[in-house]
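Have a look at the structure below before the remarks.
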Ligand code: MG
Ligand code: MG
Ligand code: MG
């Protein structure tokens, strides 16, 4: 039987590099502070994240298949229950480390919350290591750096702050890697989408949100060629419509983000596309969004402000 004091550390469903790396980095920190912790993940690794773990020869966390009632957990890189483990409502949330809007988050016991409007959970963890006087080893630095590169798109996203840049500068020295060279390689690994089915494409980095009585999803994929992805538009739409039906969504926004030129093409489907049309005129269910790369800071507010 598993020790009932064990604390599970995990990021959001459809995990990205920050969610996976920050789970491992946070688990290392809590372990060094004497706690019984295990980093776990709530979904498959994407190609970008796999690239990072292989590059540094680090074992990724195991998949958590079921969260038992009363399990002790630390949530990183998310706080909305719709994006968390099934049964999170009945978990004992000990701590939260996150950099997103706070919504639908509730606990029965007091909780440590480290929430900052920075570009990446890794940046907050960098501060937590320093606050606790815990030394950052090479592997930990490499994972934190991978988180920062991923979430800030190599410092180009409008979510990137001075804190993220300073943390990355310090971490790159410990990790002993050239952040720009490694970063571009890692981001490019994540744009290899050819062998993914359309069902996989639309769920790879999808997040569910609720605002008012509107239930919606925003999914995002990174590419170096928007036209390449748009060649699959018909099948992508089929896959999106299936999700809308199965999950009873009002709206699905699929952002195809060009990481080299920092723009996105949006595909919007569902009965509430009028929300998106308050900002973008949709033609053939899609619109070009110049300069839009951040779900958190650009796409999500665009939707919620229009509801
Ligand atoms: Mg994330
Ligand atoms: Mg993040
Ligand atoms: Mg992301």
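In my numbering, the protein residues as written are 20 to 326.
Virtual Cβ for every residue (Gly too), placed ideally from N, Cα, C.
Boundaries of the alpha helix (DSSP H) in which residue 169 is found, first to last residue: Against the chain shown, residue 169 aligns to sequence position 150. Residues 157 to 171.
Taking contact to mean 3 or more Cβ pairs, one atom from each stretch, closer than 8 angstroms, check whether the stretch 277 to 284 and the stretch 240 to 254 are in contact. yes
Please classify residue 201 as buried or exposed, where buried requires at least 16 neighbouring CB atoms within 10 angstroms. As a first step, residue 201 is located in the chain shown; it is residue number 182 there, counting from the start. Label assigned to residue 201: buried.
Alpha-carbon to alpha-carbon, residue 293 and residue 30: By 1-based counting over the chain shown, the position of residue 30 is 11. By 1-based counting over the chain shown, the position of residue 293 is 274. In a straight line, the C-alpha of residue 30 is about 32 angstroms away from that of residue 293.
Output the distance between the C-alpha atoms of residue 233 and residue 272, rounded to the nearest integer angstrom. As a position in the chain shown, residue 233 is number 214, starting the count at 1. As a position in the chain shown, residue 272 is number 253, starting the count at 1. Approximately 13 angstroms between the Cα atoms of the pair.
Report the rounded CA-to-CA distance for residue 260 versus residue 216, giving the unit in angstroms. Reading the chain shown from its first residue, position 241 is the one you call residue 260. Reading the chain shown from its first residue, position 197 is the one you call residue 216. Each residue's alpha carbon lies about 15 angstroms from the other.
Reduced DSSP category for residue 35 - H, G, I as helix; E, B as strand; rest coil: Looking up residue 35 in the chain shown gives position 16. Of the three classes helix, strand and coil, the one that applies to residue 35 here is coil, per DSSP.
Near ligand 1: residue 134 beta-carbon under 6 angstroms from a heavy atom: Against the chain shown, residue 134 aligns to sequence position 115. Every heavy atom of ligand 1 is 6 angstroms or more from the Cβ of residue 134, so no.
Roughly how many whole angstroms lie between the Cα atoms of residue 20 and residue 33? Against the chain shown, residue 20 aligns to sequence position 1. Against the chain shown, residue 33 aligns to sequence position 14. Because residue 20 carries a pLDDT of 47, less than 50, the predicted location of this residue cannot be relied on, and the following value inherits that uncertainty. Taking the straight line joining both Cα atoms gives about 28 angstroms.
In the structure shown, what three-state DSSP assignment does residue 70 receive? For this step, residue 70 is matched to residue 51 along the chain shown. Three-state DSSP puts residue 70 in a helix.
Quick one: does the C-beta of residue 140 sit closer than 6 angstroms to a heavy atom of ligand 2? Stepping through the chain shown from its first residue, residue 140 is reached at position 121. At a cut-off of 6 angstroms, the beta-carbon of residue 140 counts as near ligand 2: some heavy atom of the ligand is closer than that.
Taking its Cβ as the centre, do 16 or more other Cβ atoms sit within 10 Å of residue 199, making it buried, or is it exposed? Taking the chain shown and counting its residues from 1, the one referred to as residue 199 is at position 180. Note on residue 199: under 16 other CB atoms within 10 angstroms of its CB, so exposed under the neighbour-count rule.
N-terminal and C-terminal residue of the alpha helix (DSSP H) that residue 252 is part of: Position 233 of the chain shown, counted from the first residue, corresponds to residue 252. Segment 252 to 266, the alpha helix (DSSP H) holding residue 252.
If distances are taken between C-alpha atoms only, which option among 105, 106, 146 comes closest to residue 116? As a first step, residue 116 is located in the chain shown; it is residue number 97 there, counting from the start. Among 105, 106, 146, the Cα nearest to that of residue 116 is on 146.
Note down the Cα distance separating residue 13 from residue 152, rounded to an integer number of angstroms. It is not possible to answer for residue 13, since the shown part of the chain is limited to 20 through 326.
At which residues does the alpha helix (DSSP H) containing residue 191 begin and terminate? Along the chain shown, read from residue 1 onward, the residue named residue 191 stands at position 172. That run of the alpha helix (DSSP H) goes 181 to 194.
Segment limits, alpha helix (DSSP H) that includes residue 242: In the chain shown, counting from the first residue as 1, residue 242 sits at position 223. It is not in any alpha helix (DSSP H) - residue 242 instead sits in the beta strand (DSSP E) that spans 233 to 242.
Just to confirm, does residue 37 get its C-beta within under 6 angstroms of one of the non-hydrogen atoms of ligand 2? Mapped onto the chain shown, residue 37 falls at position 18. Because some heavy atom of ligand 2 lies under 6 angstroms away, the Cβ of residue 37 counts as near it: yes.
Beta strand (DSSP E) segment containing residue 92, residue limits: The residue you call residue 92 lines up with position 73 of the chain shown. Here the beta strand (DSSP E) through residue 92 covers 91 to 95.
Could you give the DSSP three-state label for residue 203: helix, strand or coil? Taking the chain shown and counting its residues from 1, one reaches residue 203 at position 184. Three-state DSSP puts residue 203 in a helix.
Identity of the residue in 75, 102, 112, 302 nearest residue 236 by Cα: What you label residue 236 is simply residue 217 of the chain shown in a count that begins at 1. Nearest C-alpha to residue 236: 102.
Please check the pair residue 168 and residue 206, which I expect to be a contact at CB under 8 angstroms, by giving their CB distance rounded to whole angstroms. What you label residue 168 is simply residue 149 of the chain shown in a count that begins at 1. What you label residue 206 is simply residue 187 of the chain shown in a count that begins at 1. Residue 206 and residue 168 do touch by the CB rule: their CB atoms are close to 7 angstroms apart, below 8 angstroms.
Any contact between the stretch 157 to 166 and the stretch 123 to 141? By contact I mean 3 or more CB pairs, one from each, below 8 angstroms. yes
The stretch 69 to 84 / the stretch 47 to 55 touching (three or more Cβ pairs under 8 angstroms): no
Bounding residues of the beta strand (DSSP E) (the contiguous stretch that carries residue 178): Mapped onto the chain shown, residue 178 falls at position 159. Neither: residue 178 is in no beta strand (DSSP E) and is coded neither H nor E.
Selection from 23, 290, 314, 267 that minimises the alpha carbon distance to residue 111: For this step, residue 111 is matched to residue 92 along the chain shown. The option with the nearest alpha carbon to residue 111 is 23.
Relative to the C-alpha of residue 221, which candidate in 128, 256, 231, 107 has its C-alpha closest? The residue given as residue 221 occupies position 202 in the chain shown. Closest option to residue 221, Cα to Cα, is 256.
Bounding residues of the beta strand (DSSP E) (the contiguous stretch that carries residue 288): Residue numbering aside, residue 288 sits at position 269 when the chain shown is read from its first letter. Its beta strand (DSSP E) spans residues 282 to 288.
Return yes when the C-beta of residue 183 is under 6 angstroms from any heavy atom of ligand 1, and no when it is not. To locate residue 183, count along the chain shown from 1; it is residue 164. Incorrect: residue 183 has no Cβ contact closer than 6 angstroms to ligand 1.
Assuming residue 300 contacts residue 306 under a Cβ cut-off of 8 angstroms, what Cβ separation, rounded to an integer in Å, is found between them? The sequence position of residue 300 within the chain shown is 281, counting from 1. The sequence position of residue 306 within the chain shown is 287, counting from 1. 6 angstroms between Cβ atoms; contact.
So, residue 61 versus residue 104, is the Cβ gap smaller than 7 angstroms? Stepping through the chain shown from its first residue, residue 61 is reached at position 42. Stepping through the chain shown from its first residue, residue 104 is reached at position 85. In contact: residue 61 and residue 104 (Cβ atoms closer than 7 angstroms).
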